[in-house]
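Numbering (the numbering used here), first residue to last: 24 to 132.
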């Protein structure tokens, strides 16, 4: 299990099938209350990224944070309205760092 604080992207949550871009990796379904997290920089190798590729699924109870954008499909996506204050705090991240086209391309939708 990883120790410390990480800023990651929740790539997969319980009940969903995780499919790797590497054909050598077998698909799998996460168990109840598990999340698969990935580093933002997908160019990093697993040991460099320190994400679920290195330490496996993360218990949901270990995750602190909130979802600010949800991408289900190429046409079903958008900001998550957590609260008016959260939307205000998240707006710079959504405006500057969010690249929906890149997200869709990376998730092969």
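Cβ coordinates follow ideal geometry from the N, Cα and C atoms, glycine included. The model shown is predicted, which means the values in this text are computed figures rather than measured ones.
Residue 51 and residue 107 have their C-alpha atoms roughly 37 Å apart. Assignment of residue 32 by DSSP, reduced to helix, strand and coil, places it in the strand class. Beta-bridge partners of residue 51 (DSSP): 41. Counting of Cβ neighbours within 10 angstroms places residue 75 among the buried residues, the total reaching 16 or more.
Annotation: residue 75 is outside any beta strand (DSSP E); the continuous alpha helix (DSSP H) that includes it extends over 75-78. Between residue 81 and residue 57, the C-beta gap is smaller than 8 Å, which places the two residues in contact. Taking a contact to require three or more Cβ pairs closer than 8 Å, the region 60-75 and the region 90-101 do not qualify as touching.
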